[in-house]
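Engineer:
Residue numbers (the UniProt record's numbering): 1 to 84.
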């Protein structure tokens with residue numbers, strides 16, 4: 001484990017932040033407050049599925065690939081594929 005606590009610390013920080021936040025009054029489209037970044041076979045899909053169990057966390061369906069494949073489509077496209 002790294003001195004900073006590594007991925008486990010980051011996960012706990014994200015979960016604590018999400019659980020402390022109130023549920024939104026009504027859903028709306030907005031940019032994310034957290035982004036999961038990882039390489040293949042690193043467990044990012046498992047992390048996403050685990051986080052989706054919480055009703056306060058919303059994520060788009062399949063991976064958006066905004067930063068590696070769809071960046072040229074712009075922020076409005078990115079916002080359009082988000083659930084909130």
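Note that the Cβ used here is the ideal one computed from N, Cα and C, for glycine as well.
Counting only beta-carbon separations shorter than 8 angstroms, does residue 64 have a partner in chain C?
Structural biologist: In the displayed structure, chain C is absent; only one protein chain is listed.
Engineer: CA-CA distance, residue 67 and residue 50?
Structural biologist: Position 67 of the chain shown holds residue 67. Position 50 of the chain shown holds residue 50. Taking the straight line from one Cα to the other gives about 23 angstroms.
Engineer: For the UniProt domain "Sulfotransferase" (33-79), list the alpha helix (DSSP H) runs that are entirely contained and at least 4 residues long, ordered along the chain.
Structural biologist: With a minimum length of 4 residues, the continuous alpha helix (DSSP H) runs that stay inside the UniProt domain "Sulfotransferase" (33-79) are 44-51.
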